[in-house]
Amino acid sequence: MVCESEVRALQDAIRRLEDLGISIRRVGKEIRELAERGELRREHILAYIAYKKARWVLIRCAWRLRE
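Take the sequence shown: its letters are residues 1 to 67, numbered as in the working numbering.
Here it is in structure tokens:
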């Protein structure tokens, strides 16, 4: 399957966020709320960065397929 490793990376990042109790549908809002309450931890930040990076890598892979 094309972009298989990218899809797997995104699934892993989503799983990490969910393990921390963060809904993927509200990820940005939940991260902001944690920061406002002073409850944002290193694990949250790393999981969020992994999610954002994996998402963009998958988007770039799909874009290359269109060309």
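Ideal Cβ positions, reconstructed from N, Cα and C, are used throughout, including at glycine.
Based on Cα-Cα distance, which residue from Ile45, Arg60, Arg41 and Ala35 lies nearest to alanine 13?
Ile45
Exercise for the section: Locate the alpha helix (DSSP H) running through glutamate 33, then write down its first and last residues. Expected result: 27–37
Note to self: For tyrosine 51 and glutamate 67, what's the separation of their Cα atoms in angstroms?
What the structure shows: 25 Å
- Item | Local conformation of valine 7 per DSSP, three classes | helix
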